[in-house]
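**Student:** If you scroll down you'll find the structure; I have some questions about it.
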Amino acid sequence: MNDMMNRTPSGFDLSRRRLMLGAGAGALAGLSPRAAHAVLKLDVTQGNIQPMTIALPDFVGVGLQDPETARAITQIITGNLKRCGLFAPIDQQAYLEKITSIDGQPRFPDWQTINAQALVTGRISRQPDGRLKAEFRLWDVFAREQLTGQQYFTTTENWRRIGHIISDAIYERITGEKGYFDSRVVFVDESGPKDRRVKKLAIMDQDGAAVKYLTRGEELVLTPRFSPTTQDITYMSYGQGEPRVFLMNIETGQRETVGNFPRMTFSPRFSNDGQRVILSMSLQEGGSTNIFVMDLRSKATTRLTDTAAAIDTAPCYAPDGTRICFESDRGGQQQIYVMAATGGPAQRISFGQGKYSTPVWSPRGDYIAFTRETQGQFSIGIMKPDGSGERILTSGFHNEGPTFSPNGRVLMFFREPAGSPGAQLFSVDITGRNEQRIPTPSFASDPAWSPLLS
Amino acid sequence: MTSVMRIIRGVKLAAALSVVLALGACASNPADQAGGPGGPGMAGAATPGSQQDFVVNVGDRVFFESDSTQLTPQSVATLDKQSQWLSNYPQYSFTIEGHADERGTREYNIALGARRSQTVRDYLASRGIQPQRMRTISYGKERPVAVCNDISCWSQNRRAVTVLNASS
Chain P
0 MNDMMNRTPS GFDLSRRRLM LGAGAGALAG LSPRAAHAVL KLDVTQGNIQ
50 PMTIALPDFV GVGLQDPETA RAITQIITGN LKRCGLFAPI DQQAYLEKIT
100 SIDGQPRFPD WQTINAQALV TGRISRQPDG RLKAEFRLWD VFAREQLTGQ
150 QYFTTTENWR RIGHIISDAI YERITGEKGY FDSRVVFVDE SGPKDRRVKK
200 LAIMDQDGAA VKYLTRGEEL VLTPRFSPTT QDITYMSYGQ GEPRVFLMNI
250 ETGQRETVGN FPRMTFSPRF SNDGQRVILS MSLQEGGSTN IFVMDLRSKA
300 TTRLTDTAAA IDTAPCYAPD GTRICFESDR GGQQQIYVMA ATGGPAQRIS
350 FGQGKYSTPV WSPRGDYIAF TRETQGQFSI GIMKPDGSGE RILTSGFHNE
400 GPTFSPNGRV LMFFREPAGS PGAQLFSVDI TGRNEQRIPT PSFASDPAWS
450 PLLS
Chain E
0 MTSVMRIIRG VKLAAALSVV LALGACASNP ADQAGGPGGP GMAGAATPGS
50 QQDFVVNVGD RVFFESDSTQ LTPQSVATLD KQSQWLSNYP QYSFTIEGHA
100 DERGTREYNI ALGARRSQTV RDYLASRGIQ PQRMRTISYG KERPVAVCND
150 ISCWSQNRRA VTVLNASS
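Respectively, the protein sequence lines represent chains P and E.
Numbered according to numbering that gives the first Met the number 0, the first sequence terminates at residue 453, and the numbering increases by one at each position without gaps.
Numbered according to numbering that gives the first Met the number 0, the second sequence terminates at residue 167, and the numbering increases by one at each position without gaps.
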């Protein structure tokens with residue numbers, strides 16, 4: 000844990016170590032974090048959670064070029080914790096104690112008075128070498144003890160990630176689950192009228208901030224998906240000639256086509272080890288669409304389904320890589336099937352009314368999320384990989400294309416209400432609660448969540 | 000080369016659009032907009048064998064029922080006329096664009112559009128059109144021609160359009 004080095008996507012090193020109160024601060028009776036664990040905890044598996052009240056006074060800034068940085072990082076953490084639905088940040092106006100140092104204990108009675116169950120204090124300071132040092136402590140106010148403390152060193156360009164990483168540390172300490180805040184979302188930015196739509200690939204932090212465009216809108220681009228292991232995405236593009244599946248490195252912008260398929264390829268997704276891309280190709284015979292996989296190193300291509308006259312598409316690997324879920328209309332209309340990653344017989348798992356499509360396997364392996372179309376409504380739902388336990392999370396005129404957060408607790412999808420000029424991104428917990436709109440600069444669709452960056 | 004192609008394609012699209020607009024201004028039946036015989040006064044305006052002639056006097060598109068790739072009798076009639084015209088003017092190669100309405104999910108609609116364009120291609124081939132003149136592409140639900148939120152638009156968007164390439 001100590002001095003753990005994490006390679007960030009930008010190529011910066013982000014070092015992390017446990018932050019303990021120093022000998023000089025003294026006052027803390029040596030309570031271990033383990034002892035405190037039972038005191039302040041949220042069970043995220045329960046649908047109806049009373050959010051934990053938490054106070055987040057502005058982090059102390061020391062020698063910063065931009066004094067607003069410390070406050071901005073505090074706001075990122077506050078926003079993340081609030082949006083996840085498990086925390087209720089208390090308005091700063093109510094705070095009694097002004098935090099000017101994080102080296103000693105806070106005045107617990109002041110925080111108890113305003114009913115803060117948890118308190119986060121932090122400090123952002125500029126190092127002689129120009130890097131930022133970020134420290135924070137999470138306090139159990141009523142037990143009067145520190146639950147966790149960490150410090151990180153990073154370059155100033157990484158300042159937003161500091162906020163996300165601290166958010167994850169707080170989430171993990173309180174819920175006992177991995178967080179999902181230090182992650183990004185690639186999506187399709189949409190502008191212009193519907194019959195002359197311009198679509199661009201874009202990437203942003205999971206909170207909707209720091210949007211960066213990856214294409215300029217000259218080509219129609221669809222369905223971007225993240226590599227689980229590298230800074231690459233795969234997507235479909237209508238460039239010159241046949242529409243195809245491409246790879247793009249999001250750091251360098253370099254792109255290449257996936258394989259040398261004779262006909263249109265689409266609906267790509269990486270395997271969990273990042274070594275293969277699974278996709279569908281439309282075939283001449285019977286106008287069918289079948290599923291293929293290409294090994295990115297050897298370029299060897301394998302055909303996985305051979306269904307005459309059927310549409311097999313939207314394939315997605317299970318996190319252990321042994322199975323694939325996909326949609327097929329081989330039985331008459333779109334349903335979800337599961338088969339071995341090597342192909343062979345497929346088992347239908349969706350049996351409710353209507354059509355099921357766009358299956359995605361949770362990174363935890365416990366659920367498959369999907370789009371379901373019934374009676375003119377489009378819903379987002381989840382079911383277990385054997386098809387049991389189906390639960391609809393949201394329904395309406397048009398909801399489509401769920402993608403799981405890295406910890407499998409949240410889905411992002413796109414929604415377009417009837418009569419609306421375009422779609423927007425939303426998130427919802429897999430409990431069906433806590434629906435949130437994700438702000439984007441324009442209309443947006445086809446979101447795909449990255450793995451955790453650190 | 001490619002930019003020239005793009006310009007030609009743009010001009011061609013604009014021409015086709017203006018024709019459709021002129022015809023479709025008060026048309027309620029999508030078949031009328033497909034350029035069935037005789038928009039009043041328009042038929043005479045198109046030079047025989049021109050792209051406009053094909054759009055206006057033959058009809059460049061066929062429509063499908065929801066989530067279907069079956070050719071309707073009306074579509075068969077249009078495709079019979081297309082194959083006749085295309086036999087008369089063998090200098091044209093062309094692209095069959097398959098489209099879906101917006102009431103479906105993205106990947107499936109791409110596959111559905113592909114299946115529709117393939118259905119049209121197979122039919123034209125069965126009427127004697129040489130396969131090497133034909134190319135297919137699917138746009139799924141990405142290129143609607145009619146934008147509204149009811150069936151009057153969706154039924155116009157479920158289509159396969161025969162787009163002539165510049166004559167060679």
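By construction, the Cβ of each residue, glycine as well, lies at the ideal position given by its N, Cα and C atoms.
Bear in mind the structure is a predicted one, so any value in this text is a computation, not a measurement.
Can you give me the Cβ contacts of E:Tyr122 inside the same chain, cut-off strictly under 6 Å, excluding the 5 residues immediately before and after it?
**Tutor:** Here E:Tyr122 has Leu78 as same chain residues with Cβ atoms under 6 Å from its own Cβ, once five neighbours each way along the sequence are excluded.
**Student:** Could you check whether the Cβ of E:Gln117 sits closer than 8 Å to any Cβ belonging to chain P?
**Tutor:** yes
**Student:** Of the choices P:Gln435, P:Ser449, P:Ala422, whose alpha-carbon is the least far from that of P:Asp188?
**Tutor:** P:Ala422
**Student:** Under the assumption that E:Gly48 contacts E:Tyr88 (Cβ atoms under 8 Å), give the Cβ distance between them as a whole number of angstroms.
**Tutor:** Indeed they touch by this definition, with Cβ atoms about 5 Å apart.
**Student:** When you check each C-beta in the segment 241–270 of chain P against every C-beta of chain E, which residues fall closer than 8 Å?
**Tutor:** Glu241, Pro242, Met263, Phe265, Ser266
**Student:** Name the two residues that bound the continuous alpha helix (DSSP H) containing P:Asp109.
**Tutor:** 107–112
**Student:** For the segment 154–174 of chain P against the segment 183–197 of chain P, are there 3 or more C-beta pairs whose distance is under 8 Å?
**Tutor:** no
**Student:** Is it buried or exposed for P:Val61, if we count other Cβ within 10 angstroms and need 16 for buried?
**Tutor:** exposed
**Student:** Closest Cβ-Cβ distance between E:Thr71 and chain P: below 8 Å?
**Tutor:** no
**Student:** Going by DSSP, name the residue or residues bridged to P:Glu415.
**Tutor:** For P:Glu415, which the question treats as bridged, DSSP gives no partner whatsoever.
**Student:** Can you round the beta-carbon distance between P:Thr402 and P:Pro446 to whole angstroms, since I take them to be within the 8 Å contact cut?
**Tutor:** 5 Å
**Student:** When the Cα atoms are used, what is the spatial distance from P:Ala208 to P:Val427?
**Tutor:** 18 Å
**Student:** Mind pulling the alpha helix (DSSP H) runs of 4 or more residues that sit fully within the segment 44–127 of chain E?
**Tutor:** 72–87, 105–125
**Student:** Can you give me, in chain order, the residues of the segment 81–111 of chain E that have a beta carbon less than 9 Å from any beta carbon in chain A?
**Tutor:** This model lacks chain A altogether, as its protein chains are P and E.
**Student:** CA-CA distance, E:Pro72 and E:Phe62?
**Tutor:** 11 Å
**Student:** Would you decide whether P:Asp181 is buried or exposed? Buried here means 16 or more other CB atoms lie within 10 Å of its CB.
**Tutor:** Label assigned to P:Asp181: buried.
**Student:** When burial is assigned at 16 or more other CB atoms within 10 Å of the CB, is E:Gln50 buried or exposed?
**Tutor:** buried
**Student:** Check the Cβ-Cβ distances between E:Asn204 and every residue of chain P, and say whether any is below 8 Å.
**Tutor:** It is not possible to answer for residue 204 of chain E, since the shown part of chain E is limited to 0 through 167.
**Student:** Does chain P have any CB closer than 8 Å to the CB of E:Arg114?
**Tutor:** yes
**Student:** With burial defined as no fewer than 16 other Cβ atoms inside 10 Å of the residue's Cβ, what is the status of E:Ile150: buried or exposed?
**Tutor:** E:Ile150 sits exposed, since fewer than 16 C-beta atoms from the chains shown fall within 10 Å of its C-beta.
**Student:** Note down, in chain order, all residues in the segment 334–360 of chain P with a beta-carbon under 9 Å from any beta-carbon belonging to chain E.
**Tutor:** Per Cβ criterion, the list reads Lys354, Ser356, Thr357.
**Student:** Would you call the segment 50–61 of chain P and the segment 91–107 of chain P touching, i.e. three or more CB-CB distances under 8 Å?
**Tutor:** yes
**Student:** Whose CA, out of P:Ile429, P:Met411, P:Arg275, P:Arg436, lies closest to the CA of P:Val185?
**Tutor:** P:Met411
**Student:** How many whole angstroms separate the CB atoms of E:Ala113 and E:Thr135, which I take to be in contact at a CB cut-off of 8 Å?
**Tutor:** 7 Å
**Student:** Could you confirm whether any beta carbon from chain E is found closer than 8 Å to the beta carbon of P:Gln283?
**Tutor:** The beta carbon of P:Gln283 sits closer than 8 Å to some beta carbon of chain E.
**Student:** Taking the C-alpha atoms as reference points, what is the distance between P:Asp231 and P:Phe269?
**Tutor:** Roughly 10 Å between the two C-alpha positions.
**Student:** Helix, strand or coil for P:Pro446, going by three-state DSSP, please let me know.
**Tutor:** Strand.
**Student:** For the beta strand (DSSP E) that contains P:Leu392, what are its first and last residues?
**Tutor:** 390–395
**Student:** Tell me where the alpha helix (DSSP H) around P:Ile72 begins and ends.
**Tutor:** 67–82
**Student:** Just the Cα atoms here: how many angstroms apart are P:Lys354 and P:Phe413?
**Tutor:** 18 Å
**Student:** Report the option in E:Gln131, E:Ala165, E:Thr68 whose CA atom is closest to the CA atom of E:Ser137.
**Tutor:** E:Thr68
**Student:** Using CA coordinates, which residue listed in P:Thr52, P:Thr155, P:Arg136, P:Gln92 is at the minimum distance from P:Gln64?
**Tutor:** P:Thr155
**Student:** Count the other C-beta atoms from every protein chain shown that fall within 10 angstroms of the C-beta of P:Glu284, then say buried if there are 16 or more, exposed otherwise.
**Tutor:** Classification of P:Glu284: exposed, given that the 10 Å Cβ count is below 16.
**Student:** Taking the alpha-carbon of P:Val220 as reference, which of P:Arg125, P:Gln205, P:Leu246, P:Asp206 has the nearest alpha-carbon?
**Tutor:** P:Leu246
**Student:** Is the CB-CB distance between P:Leu278 and P:Pro267 below 8 Å?
**Tutor:** yes
**Student:** Cutting at 8 Å between CB atoms, please list the residues of its own chain near P:Arg302, excluding the five before and the five after it.
**Tutor:** Result list for P:Arg302: Asn289, Ile290, Phe291, Gly342, in chain order.
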